[in-house]
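Structure first, commentary second.
Residue numbers (my numbering): 7 to 201.
Printed below as a string of structure tokens:
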């Protein structure tokens, strides 16, 4: 009789345990993301631009609005320009500067970059040889545009897509292959977005 009572109690305890509670009580290991370690690139040339003023334009267009750019590109000249600047290759050269006056109409916010940041920016906009160069297969959305000026004359234009690690740079004779590699895109993003 004692054995039957013992088995009954064990069965009762086993039936009362909550398997969901046991699942939830299992400790999951904490995931720690480490910053990638990059080998310092070798500087092989001069900085891209000699400038005394830098203007940053930023567009906060959302991913779900990208399709509208394709749909609206033929509606007006401004819509066509918006698509060209954000998704395509406008400007095509350093002399193609007419789009700059319309950037704010296209949704870009204008900010003047403090000259105290120029040394850090020059470290990025310098010809370098990187150990690894990569390209991501994604739709380039150029939300960031930098206009470099010297004595009020435009000497450089850089369009940046941080999400895809892509750039279009005009106004330098330096080799731009590998621009942004070795962590430079991350550094530039932090410089442009710190308050």
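By construction, the Cβ of each residue, glycine as well, lies at the ideal position given by its N, Cα and C atoms.
- For the options 54, 67, 58, the alpha carbon positioned closest to that of residue 158 is the one of 58.
- Rounded to the nearest angstrom, the gap between the Cα atoms of residue 90 and residue 96 is 5 angstroms.
- For the pair residue 131 and residue 178, the CB atoms are nearer than the 9 angstroms cut-off.
- Around the C-beta of residue 174, 16 or more other C-beta atoms lie within 10 Å, and the residue is accordingly described as buried.
- Taken through DSSP and simplified to helix, strand or coil, residue 86 comes out as helix.
- Residue 134 counts as buried, since at least 16 other C-beta atoms from the protein chains shown sit within 10 angstroms of its C-beta.
- Here the alpha carbon of residue 191 sits roughly 11 angstroms from the alpha carbon of residue 198.
- Per the C-alpha coordinates, the member of 114, 143, 144, 71 positioned closest to residue 151 is 114.
- Annotation for residue 110: 116 place their beta carbon closer than 7 angstroms to its own, counting only its chain and skipping 5 residues before and after.
- Going by C-alpha positions, residue 74 is about 30 angstroms away from residue 200.
- If you ignore the 5 residues before and after residue 105, its C-beta comes within less than 7 angstroms of the C-beta of 87, 91, 96, 97, all in its own chain and listed in chain order.
- When DSSP states are grouped into helix, strand and coil, residue 154 belongs to the strand group.
- With a 10 Å radius around the Cβ and a threshold of 16 neighbouring Cβ atoms, residue 99 comes out exposed.
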